[in-house]
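Scroll down for the structure; my scribbles are underneath it.
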Amino acid sequence: MSNETITVINNATGERHDFPLRQGSLGPAAVDISSLYKEAGFFTYDPGFMSTASCNSAITYIDGEEGVLLYRGYPIEQLATKASFLEVAYLLLYGDLPDEKALVDFEKIITRHTMLNENLKDFLDGFHYDAHPMAMLVGVVGSLSAFYHDSLSVNDPRHREISAHRLIAKLPTIAAAAYKHSVGEPIMYPRNDLRYCANFLHMMFATPCEHYKPGLVAEKAMNLLFILHADHEQNASTSTVRLAGSSGANPFACIAAGIASLWGPAHGGANEAVLDMLLEIGDVKEVPRYIEKAKDKDDPFRLMGFGHRVYKNYDPRAKIIREVCHQVLDEIADVNNPLLELAMKLEEIALNDEYFVERKLYPNVDFYSGIIYQALGIPRNMFTVMFAVARTVGWVSHWLEMMSDSNNRIGRPRQIYRGPTQRDYLPISKR
Ligand code: ACO
Numbered sequence: 002m003s004n005e006t007i008t009v010i011n012n013a014t015g016e017r018h019d020f021p022l023r024q025g026s027l028g029p030a031a032v033d034i035s036s037l038y039k040e041a042g043f044f045t046y047d048p049g050f051m052s053t054a055s056c057n058s059a060i061t062y063i064d065g066e067e068g069v070l071l072y073r074g075y076p077i078e079q080l081a082t083k084a085s086f087l088e089v090a091y092l093l094l095y096g097d098l099p100d101e102k103a104l105v106d107f108e109k110i111i112t113r114h115t116m117l118n119e120n121l122k123d124f125l126d127g128f129h130y131d132a133h134p135m136a137m138l139v140g141v142v143g144s145l146s147a148f149y150h151d152s153l154s155v156n157d158p159r160h161r162e163i164s165a166h167r168l169i170a171k172l173p174t175i176a177a178a179a180y181k182h183s184v185g186e187p188i189m190y191p192r193n194d195l196r197y198c199a200n201f202l203h204m205m206f207a208t209p210c211e212h213y214k215p216g217l218v219a220e221k222a223m224n225l226l227f228i229l230h231a232d233h234e235q236n237a238s239t240s241t242v243r244l245a246g247s248s249g250a251n252p253f254a255c256i257a258a259g260i261a262s263l264w265g266p267a268h269g270g271a272n273e274a275v276l277d278m279l280l281e282i283g284d285v286k287e288v289p290r291y292i293e294k295a296k297d298k299d300d301p302f303r304l305m306g307f308g309h310r311v312y313k314n315y316d317p318r319a320k321i322i323r324e325v326c327h328q329v330l331d332e333i334a335d336v337n338n339p340l341l342e343l344a345m346k347l348e349e350i351a352l353n354d355e356y357f358v359e360r361k362l363y364p365n366v367d368f369y370s371g372i373i374y375q376a377l378g379i380p381r382n383m384f385t386v387m388f389a390v391a392r393t394v395g396w397v398s399h400w401l402e403m404m405s406d407s408n409n410r411i412g413r414p415r416q417i418y419r420g421p422t423q424r425d426y427l428p429i430s431k432r
């Protein structure tokens, strides 16, 4: 541990307070100000956590300036091209890549937990046919805590592990069931002879009267997208899972909270918003007009799929997706996909525009993921659901890490109060 300290000086009183600097294995150091209020009597103010590290974590590392993303030390580019999604899930959960036996055992465990309690189907049936699948996902995942009382002791490591397996295994089944409900088709049971992504495609697109053979290109594309979306350190939804879990809430409730946070268009909802935006733009000729709208401070329009809180360089995931996008569209869908053409034009103009260059606004992972999902036949309102299925692995890994951390305390930020000072209650006749 570094012996460096940072001194905070109160210029009004001349008081000095030293705080230790904590250095991780990579990345900038952090000033440990946990005793600031006790010692100095004031808080720090950092809306949006622009400069705040909220925890110690050994799962994912991002260097936003250089465009680097590592899962447990492994570059995303290597995992994306060489690993399977469940191999990456094992890595994120347990810290190391599995050997052959460990992977086979893990795949077996996850496969064995994919079915849903039959009563959950009744719960799904209660939703209106046009309910957004994300709304169903939040509700159904939260309701899992009502079905698995046998593994809800959050202080028991074995219970925590079983819940983690259940969540990773059941999310695709719930997601596909939400989709089937929205199109009025019967829910398809999982198939244990299929790999994770192939099984998901089967549950989405098979019907009881028609066999569906998941294509290899589609399975590979989904495997890649799931790996790219699996984790991204302390983003809004992961921080939500951690904050919910810090009170000792059960894992199903915590992941439901994470799903709710992911839904927003500034976060996981962006892939759906990108497609909406491309359809609204409609024609390559319209691109310059929309670029001007995005730059106009009086216009709420933003280029969806552009910009990132951490990446001030090309998002490494977007770089990988961009290439795969062309391959997938060539192999699965009609070549000359007009949306891809539109996306490329938008990207080209934005990357050369002073406004975007100055602000380091590059395409993020969601700029291309929606186009691939669309080519795979996944409807737009399911895009964020796909993200949630993949990110469940990251959420669960962070929850497990937090729950086994002896320094874990309930998350409880403070505030700068700007409301009225104390005043007396007046009877209604005197107000
Ligand atoms: N289009 C136009 N201008 C933008 C965009 C955009 N997409 N993103 C940021 N800006 C501008 C802001 O207006 C601001 O300009 P100013 O300095 O003149 O005021 C500047 O760039 C900095 O932007 P902030 O909003 O301060 O950046 P922040 O880190 O808070 O926001 C965010 C990041 C939310 C991702 C933002 O870039 C955005 O809304 N992007 C579009 C939505 C999106 O694609 N979200 C997906 C994120 S990735 C993910 O969750 C997987």
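At position 387 of the sequence shown (counting the first as 1) the number is 388 in my numbering, and the numbers step up by one without a gap. In this text, a Cβ means the ideal position worked out from N, Cα and C, and glycines have one as well.
Note down, in chain order, each residue of its chain lying with its Cβ closer than 6 angstroms to the Cβ of A376, except the 5 sequence neighbours on either side.
So the list reads V329, L330, I333 and A334, once near-sequence residues are dropped.
Would you report the Cα separation of L71 and E108, rounded to the nearest angstrom?
So the alpha carbons of these two residues sit roughly 23 angstroms apart.
Thinking C-alpha only, which one of A178, A245 and K181 is nearest G412?
Selected option, being the one with the closest Cα: A245.
Inspect the beta-carbon positions of L202 and M223 and report whether they are closer than 8 angstroms.
Yes, the pair counts as a contact, with Cβ atoms nearer than the cut-off.
Comparing the CB of V366 with every heavy atom of the ligand ACO, is any distance shorter than 7 angstroms?
At least one heavy atom of the ligand ACO lies closer than 7 angstroms to the C-beta of V366.
Considering only the alpha carbon of each residue, which of E273, D297 and N200 lies closest to I372?
Closest in alpha carbon position to I372, among E273, D297 and N200, is E273.
Examine the ligand ACO and report whether any of its heavy atoms sits within less than 7 angstroms of the Cβ of M278.
Flag unset: Cβ of M278 not near the ligand ACO.
Are three or more beta carbon pairs between the segment 152–160 and the segment 169–188 nearer than 8 angstroms?
These segments do not touch.
Using beta-carbon positions only, say whether L343 and I292 come within less than 8 angstroms of one another.
No. Outside cutoff.
Opposite V9 in the DSSP bridges: which residues?
V9 is bridged to H18.
Please return the same chain residues whose Cβ sits closer than 8 angstroms to the Cβ of N314, not counting the five positions on each side in sequence.
Annotation for N314: G65, E66, E67, G68, K361 and Y363 place their beta carbon closer than 8 angstroms to its own, counting only its chain and skipping 5 residues before and after.
Compare the beta carbon distance of V9 and I228 with 8 angstroms and say whether it is the shorter of the two.
The answer is no: Cβ separation not under 8 angstroms.
For the ligand ACO, is there any heavy atom lying closer than 7 angstroms to the beta carbon of R303?
The answer is yes for R303.
So the beta strand (DSSP E) D64 belongs to, where does it begin and stop?
Here the beta strand (DSSP E) through D64 covers T61 to D64.
At a threshold of 7 angstroms, does F307 count as lining the ligand ACO (C-beta to nearest heavy atom)?
It does: the Cβ of F307 is within 7 angstroms (strictly closer) of some heavy atom of the ligand ACO.
Quick check: what's the CA-CA separation for A41 versus S55?
For A41 and S55, the gap between their C-alpha atoms comes out near 20 angstroms.
Between the segment 254–268 and the segment 315–329, do at least 3 Cβ pairs fall closer than 8 angstroms?
No: fewer than three Cβ pairs fall under 8 angstroms.
Whole angstroms is fine: what's the gap from Y369's alpha carbon to Y356's?
Cα to Cα, the separation comes out at about 21 angstroms.
Identity of the residue in A250, Y197 and A170 nearest D226 by Cα:
Note on residue identity: the sequence assigns Leu, not Asp, to residue 226. Selected option, being the one with the closest Cα: Y197.
Residues that DSSP places opposite V89 in a beta bridge:
According to DSSP, V89 bridges with nothing at all.
Nearest by alpha-carbon distance to A254: which of S146, G28 and K102 is it?
Answer by Cα proximity: S146.
Can you tell me whether G49 sits near the ligand ACO, meaning its C-beta is under 7 angstroms from at least one heavy atom of the ligand?
Look at G49: its beta carbon is less than 7 angstroms from one of the heavy atoms in the ligand ACO.
Got a sec: is the Cβ-Cβ distance from P421 to anything in chain B below 8 angstroms?
Going by chain labels, chain B is absent from the structure shown, which holds only one protein chain.
In chain order, what residues of the same chain lie with their CB nearer than 8 angstroms to the CB of S58, ignoring the 5 residues before and after it?
Apart from sequence neighbours up to five positions away, the residues of its chain that approach S58 with a beta-carbon distance below 8 angstroms are E234, Q235, H399 and E402, ordered along the chain.
Taking 7 angstroms as the cut-off, is the CB of G464 close to at least one heavy atom of the ligand ACO?
It is not possible to answer for residue 464, since the shown part of the chain is limited to 2 through 432.
By the DSSP assignment, the beta strand (DSSP E) with V69 in it spans what residues?
That run of the beta strand (DSSP E) goes V69 to Y72.
Neighbour-count burial assignment, R392, 16 or more Cβ in a 10 Å radius:
Looking at its Cβ environment, which holds 16 or more other Cβ atoms inside 10 Å, R392 is buried.
I'd like the span of the alpha helix (DSSP H) that includes C56, first residue to last.
Neither: C56 is in no alpha helix (DSSP H) and is coded neither H nor E.
Separation of R424 from F388, as counted between CA atoms:
For F388 and R424, the distance between alpha carbons rounds to 49 angstroms.
With respect to 7 angstroms, is the separation between the Cβ of R310 and the closest non-hydrogen atom of the ligand ACO below this value?
In this structure, R310 has its CB closer than 7 angstroms to one or more heavy atoms of the ligand ACO.
Identified DSSP bridge partners for Y434
Because the chain here runs from 2 to 432, residue 434 falls outside it and cannot be looked at.
In DSSP terms, what A31 is bridged to:
R23, per the DSSP bridge assignment.
Flag this pair as yes or no: are the beta carbons of A231 and S262 separated by less than 8 angstroms?
No, the Cβ-Cβ distance between A231 and S262 is not below 8 angstroms.
Just how far apart, CA to CA, sit P134 and N382?
Cα-Cα distance, rounded: 7 angstroms.
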